[in-house]
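Down below is the structure, laid out as structure tokens.
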Amino acid sequence: MKLATTILAACLLTVAMAGAQPLSPRGGASEQEAPQVDFDRFFEERTMRFDFYHCGDASSQEYFFDEIRQEPYWAGSKVSLIDDTGYGVQLLKLFDRESGRLIYSRSYCTLFNEWQTTAEARTVRKAMPESVVFPYPKQAVRLEIHARNRQGVMEKMFEQEIDPASYFIRQFTPRYDTFEVAYTGNPATRVDIVLIPEGYTEGERAKFEQACRTFAAELLSYSPFRENAARFNIRAVWAPSMESGVTIPGEHVWRNTATKAQYYTFDTERYQMVEDFQGLRDIAAHVPYDYIYILSNTQKYGGGGIYNFYGISAAHHPDRTGKIYVHEFGHVMMGLGDEYAGGVSYNDMYPAGVEPWEENLTTLVDFDRKAWKAMLDPGTPVPTPLDKAQPQRLGVYEGGGYVDKGVYRPWPNCLMNNLHTIDVFCPVCTAALERYIDFICR
574 MKLATTILAA
584 CLLTVAMAGA
594 QPLSPRGGAS
604 EQEAPQVDFD
614 RFFEERTMRF
624 DFYHCGDASS
634 QEYFFDEIRQ
644 EPYWAGSKVS
654 LIDDTGYGVQ
664 LLKLFDRESG
674 RLIYSRSYCT
684 LFNEWQTTAE
694 ARTVRKAMPE
704 SVVFPYPKQA
714 VRLEIHARNR
724 QGVMEKMFEQ
734 EIDPASYFIR
744 QFTPRYDTFE
754 VAYTGNPATR
764 VDIVLIPEGY
774 TEGERAKFEQ
784 ACRTFAAELL
794 SYSPFRENAA
804 RFNIRAVWAP
814 SMESGVTIPG
824 EHVWRNTATK
834 AQYYTFDTER
844 YQMVEDFQGL
854 RDIAAHVPYD
864 YIYILSNTQK
874 YGGGGIYNFY
884 GISAAHHPDR
894 TGKIYVHEFG
904 HVMMGLGDEY
914 AGGVSYNDMY
924 PAGVEPWEEN
934 LTTLVDFDRK
944 AWKAMLDPGT
954 PVPTPLDKAQ
964 PQRLGVYEGG
974 GYVDKGVYRP
984 WPNCLMNNLH
994 TIDVFCPVCT
1004 AALERYIDFI
1014 CR
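Position one of the sequence shown corresponds to residue 574 (the working numbering), numbered consecutively onward.
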């Protein structure tokens, strides 16, 4: 996408354009293949949060500064500081200003970028509050945000220098109680999940606490999370809502709730999401966390999950709660793509001629670079015809990424496809999740 260049001072930021970067064999920018960063040399064990507004329409995006905050904990790895995965549609890069060295990077996705693919974005300009977090730097740094264009290439869109000693950095003020759900050890070598309540009033704390226990039990009962349960910490923040229940605009139901989530996001009934990502960060900051997951006080089926952003789902659905948690966390943790067709308001999420970055989707444009190809049995036809006699044969099956044609998935059915008839991830999704758990826990 071609972005406008905006130069602003004080409350506004500098948007900078840069040339496209070549991709490494795993899809990451070659610049990211840097020597290991010494955490103690460059960082303190707390978090810096950079708040901004992500603005634009279907064909453009800009970033406008809000403020910088200090948060009390850093839960991330002190070793896996440079993201070489090639995942995501946005990429945070942090450079030591004095040496110019890349000292931290993380890829992620956003609700705003999903909105850009909807029909509304062709006629409306919109702003969503967002933020990125990173370990608190000891000296001045330069922050950059890169975005993936329609050709699948990351381009630099924005930069700003930051002085960590500035007295304008807002300090954290605790507001809520917290409690542990499942604790196994040092956050630096664990996958740390924070659970946030949506639509639970002061009198419903016990209900939320039970929902948290159910989340932990269900998530950690599915492979490969089950085998890695000792590498997960799960904590919760008790942030009660003024009113019980959830907002459902299509049914004219509005509730005053802690995260302001709502169904009918992008006019899709089951898509329950939160636009105020900064508000989620305010709640989550009470504990060390890598991932945010919101438990919604409703039986209504629905929710969503965005890579390195957050997940949300109904906590009291009568029969599929566990599968919903696992499916959405597949999105949140490492960006697994949806393998079904239809049911969303997105248009052209996967452009023809571009290989998806998601591990479990391909357009066959550059399938040779997928780890998935090496996992196929010799002689497996590509594409692979459906064979009811071999329903769990690894192959390349047409249909996925919300469309029937042109996008392919690894298995006829998987937890990233249909929650009604399957309760396992395919081998491609499983292997990708295992690799990313290792990355986070190094």
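We put the CB at the ideal spot given by N, CA and C, even for glycine.
Pairwise C-beta distances place the region 814–826 in contact with the region 864–883, as three or more of them are shorter than 8 angstroms. Within the DSSP secondary-structure output, Arg1008 pairs in no beta bridge. Burial check for Pro958: the Cβ neighbour count within 10 Å stays below 16, so the residue is exposed. Separation of Leu967 and Val997 (C-alpha to C-alpha, rounded to the nearest whole angstrom) is 13 angstroms. Taking 8 angstroms as the cut-off, the beta carbon of Val754 is found no closer than this to the beta carbon of Arg804.
Assignment of beta-bridge partners to Gln663 by DSSP yields Tyr681 and Ala720. Between the beta-carbon of Pro702 and that of Trp647 there is about 22 angstroms, and that puts the pair past the 8 angstroms contact cut. The region 736–743 and the region 676–687 do not touch, with fewer than 3 CB-CB distances between them shorter than 8 angstroms. Around the C-beta of Gly758, fewer than 16 other C-beta atoms lie within 10 Å, and the residue is accordingly described as exposed. Between the alpha carbons of Ser886 and Tyr773 lies a gap of roughly 14 angstroms.
Counting only residues of its own chain and dropping the five nearest sequence neighbours on each side, Gly926 has a CB closer than 7 angstroms to the CB of Val938. In the DSSP assignment, Ile742 is bridged to no other residue. Per DSSP, Arg622 is one residue of the beta strand (DSSP E) stretching across Phe616 to Asp630. Annotated as distal: Tyr862 and Ile718, with beta-carbon spacing of 8 angstroms or more. By the criterion of at least three beta-carbon pairs nearer than 8 angstroms, the region 889–900 is not in contact with the region 834–851. Between the region 787–804 and the region 842–852 there are fewer than three C-beta pairs closer than 8 angstroms, too few to call the two in contact. For Glu644, the closest C-alpha among the options Leu654, Gln663, Phe623 and Ala944 is that of Phe623. Beta-bridge partners of Val714 (DSSP): Asp669 and Ile735.
Excluding the 5 residues flanking it on each side, Leu853 has same chain C-beta neighbours closer than 8 angstroms at Ile769, Thr832, Val847, Ile865, Ile867 and Tyr883, in chain order. Under the three-state reduction of DSSP, Ala812 is assigned to coil, being neither helix nor strand. Restricting attention to alpha helix (DSSP H) runs no shorter than 4 residues, the region 819–898 encloses them at 850–857, ordered along the chain. Nearest to Lys699 by C-alpha distance, out of Gln634, Val955 and Thr1003, is Gln634.
Contact annotation, Glu931 with Leu909: C-beta distance approximately 6 angstroms; criterion of less than 8 angstroms satisfied. Gln609 carries a coil assignment under DSSP once its states are collapsed to helix, strand and coil. The beta-carbon separation of Thr935 and Tyr981, rounded to 5 angstroms, stays under the 8 angstroms limit for a contact. Boundaries of the alpha helix (DSSP H) around Ala789: Arg778 to Leu792.
Distance from the CA of Phe798 to the CA of Thr696, rounded to the nearest whole angstrom, comes to 42 angstroms. For Ala947, the enclosing alpha helix (DSSP H) stretches over residues Ala944 to Met948. For Gln712, same chain residues with a beta-carbon under 6 angstroms away, outside a window of 5 residues either side, do not exist. In this structure, the beta-carbon distance from Phe752 to Ala809 falls below 8 angstroms. Sequence-distant partners of Ser817 (beyond 5 residues in either direction) whose C-beta falls short of 8 angstroms from its own C-beta, in its chain, are Gly772, Tyr773, Thr774, Glu777, Arg828 and Asn870. Contact between Asp921 and Thr690 holds: their C-beta atoms lie close to 6 angstroms from each other, under 8 angstroms. Ala755: member of the beta strand (DSSP E) spanning Asp750 to Ala755, first to last residue.
Residue pairing from DSSP places Met701 in a beta bridge opposite His627. Check the Cα spacing between Phe625 and each of Phe637, Val826 and Ile856: the tightest is with Phe637.
C-alpha of Glu734 to C-alpha of Val610: approximately 20 angstroms in a straight line.
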